[in-house]
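Remarks on the structure that follows.
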Amino acid sequence: MNAKPNIAIVGATGAVGIEMIQTLEKRKFPTGQLTLLASARSAGKTLPFRGQPVTVRELKADSFKDVDIALFSAGGDISREFAPKAVQAGCVVVDNSSAFRMDNAVPLVVPEINAADIKLHKGIIANPNCTTAITLMALYPLHKAFGVRRIFASTYQAVSGTGAMAIQELEQQVRQIVAGEPVTRKVYPHQIAFNVLPQVDVFLSNGYTKEEAKMENEGRKIMHHPAFRASVTCVRVPVYRAHSVAVSAEFEKPVSLEAARAALAVAPGLDVVDNPAKQEYPLPLRATGKYNCQVGRLRLDCALDNGLCFWVAGDQLLKGAALNAVQIAEELLKL
Ligand SMILES: NC(=O)c1ccc[n+]([C@@H]2O[C@H](COP(=O)([O-])OP(=O)(O)OC[C@H]3O[C@@H](n4cnc5c(N)ncnc54)[C@H](OP(=O)(O)O)[C@@H]3O)[C@@H](O)[C@H]2O)c1
Numbered sequence: 415m416n417a418k419p420n421i422a423i424v425g426a427t428g429a430v431g432i433e434m435i436q437t438l439e440k441r442k443f444p445t446g447q448l449t450l451l452a453s454a455r456s457a458g459k460t461l462p463f464r465g466q467p468v469t470v471r472e473l474k475a476d477s478f479k480d481v482d483i484a485l486f487s488a489g490g491d492i493s494r495e496f497a498p499k500a501v502q503a504g505c506v507v508v509d510n511s512s513a514f515r516m517d518n519a520v521p522l523v524v525p526e527i528n529a530a531d532i533k534l535h536k537g538i539i540a541n542p543n544c545t546t547a548i549t550l551m552a553l554y555p556l557h558k559a560f561g562v563r564r565i566f567a568s569t570y571q572a573v574s575g576t577g578a579m580a581i582q583e584l585e586q587q588v589r590q591i592v593a594g595e596p597v598t599r600k601v602y603p604h605q606i607a608f609n610v611l612p613q614v615d616v617f618l619s620n621g622y623t624k625e626e627a628k629m630e631n632e633g634r635k636i637m638h639h640p641a642f643r644a645s646v647t648c649v650r651v652p653v654y655r656a657h658s659v660a661v662s663a664e665f666e667k668p669v670s671l672e673a674a675r676a677a678l679a680v681a682p683g684l685d686v687v688d689n690p691a692k693q694e695y696p697l698p699l700r701a702t703g704k705y706n707c708q709v710g711r712l713r714l715d716c717a718l719d720n721g722l723c724f725w726v727a728g729d730q731l732l733k734g735a736a737l738n739a740v741q742i743a744e745e746l747l748k749l
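In terms of this note's numbering, the sequence shown has 550 at position 136, counting the first letter as 1, and numbering is strictly consecutive.
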């Protein structure tokens, strides 16, 4: 890999794409040329990178000439169509969509957990589902210490997880309600302002949603733990940014609070925020804009043997998407 690779961002104008541009800049990623790609609607717009405007171009089959690493964040259909073209042009693709995550030939990576899988890539590396990535940041260190068998979890997912249009929808509905006007909606099937929706993504035949199934499927692949089980209820909440997850985890070995705290305290990319006496615990507002995820509300589970409850929050636009993708690109430079 070129020491100063040329980077393309596909979906550069989206909620994740904007964060990718800023993350490359903030982490001083040694970027050669930066190519910003989006739909024809955005062609000609400019976005700032290192103080200079960069013009957004329409994504086309020949967009990847001279690009070394392409960060894809424009949805599964775009990834399925254009990622193979980018690989053919000689790029390594880091893909944010779910298109390739469960493909056996594609590593699915959270660098703090399985960075070593990156070297197995054949052109495409997948970024995990945002809720899964945030949950695993706290679960994996506990798994290493005690061996996780299964989890039961409920999520509290921010609207920015659905993209830029959903942020506008929440903002608009709040204004409409305060002004006493009728509420309009386009993105979600129900009003999201002052409400919670127990549906994230589409329903599967077993009654779970596609989002809920990702925790078990992607968790198994990332942790190299094929017997891991996860029963999850994913809920959209009227929070702008940062997902939170309430987890009850059951382990093979007995768990003590001291040993759990010790394992979490040294985990990379994770801060322990857990002082109930001072009402200190992770909050989405405090996790917003932070690279590290936060874990707290640690307690022995009163209904499970060898069980631990915890609450983890993380900025899903960062650790669940842009930051994780840039971290993968950083690992590629080390190969
Ligand atoms: N939001 C999150 O927290 C999150 C977390 C993890 C993974 N992801 C995944 O990341 C991807 C993007 O999510 P997002 O939240 O950033 O969505 P978003 O805000 O709706 O942005 C979508 C991006 O895709 C571009 N796009 C749409 N149609 C296109 C086309 N035909 N050709 C080229 N570009 C096109 C859009 O360009 P225009 O502006 O020109 O329309 C925009 O840049 C999705 O696969 C999502 O599942 C999102």
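No residue lacks a Cβ here, since even glycine has one placed at the ideal position from N, Cα and C. Please read these numbers as outputs of a predicted model, since none were measured by experiment.
Proximity of residue i and residue j at Cβ, strictly below 8 Å
i      : j      : result
Thr647 : Ser568 : yes
Leu712 : Leu722 : yes
Val709 : Val686 : yes
Leu678 : Pro603 : no
Val750 : Ala454 : There is no way to answer for residue 750, as the model of the chain reaches only from 415 to 749.
Val430 : Ala735 : yes
Glu632 : Arg515 : yes
Ile483 : Pro419 : yes
Phe566 : Ser658 : no
Ala701 : Ala681 : no
Proximity test, residue i beta-carbon vs ligand 1 heavy atom, cut-off 7 Å
i      : result
Ile636 : no
Met579 : yes
Thr702 : no
Pro494 : In the sequence as displayed, the identity of residue 494 is Arg instead of Pro. Every heavy atom of ligand 1 is 7 Å or more from the Cβ of Arg494, so no.
Phe473 : Position check: residue 473 holds Leu in this sequence, whereas Phe was assumed. Yes, since a heavy atom of ligand 1 falls inside the 7 Å radius drawn around the Cβ of Leu473.
Ser487 : yes
Arg455 : yes
Gly504 : no
Leu731 : yes
Val430 : yes
Ala735 : yes
Secondary structure of residue i, DSSP reduced to three states
i      : result
His557 : helix
Phe406 : There is no way to answer for residue 406, as the model of the chain reaches only from 415 to 749.
Thr460 : strand
Phe496 : helix
Gly465 : coil
Gly428 : coil
Asp531 : helix
Ala454 : helix
Asn689 : strand
Gly734 : helix
Thr437 : helix
Gly489 : coil
Of the residues the options, the one placed nearest residue i, counting alpha carbons only
i      : options                           : result
Glu666 : Leu448, Phe560 and Thr445         : Phe560
Asp615 : Glu472, Ser645, Ala627 and Pro652 : Ala627
Thr610 : Ala572, Gly594, Met629 and Met579 : The sequence shown places Val at residue 610, not Thr. The candidate whose alpha carbon is nearest that of Val610 is Ala572.
Arg643 : Phe514, Glu439, Ala513 and Leu550 : Leu550
Val653 : Ala641, Gln730, Ala681 and Ala422 : Gln730
Lys600 : Thr576, Val669 and Leu618         : Thr576
Ala673 : Val501, Asp482, Ala529 and His557 : His557
Asn518 : Ala540, Phe566, Ala656 and Arg650 : Ala540
Leu485 : Ser662, Glu583, Ala641 and Gly428 : Gly428
Residue i Cβ short of 7 Å to ligand 3 heavy atom set
i      : result
Ala519 : Here the bound small molecules are ligand 1; ligand 3 is not part of this structure.
- Which ranges would you report for the alpha helix (DSSP H) in the region 538–618 if only whole runs of at least 4 residues count? 544–560 and 578–592
- Can you list the alpha helix (DSSP H) stretches of 4 or more residues lying completely in the region 615–655, in chain order? 624–637
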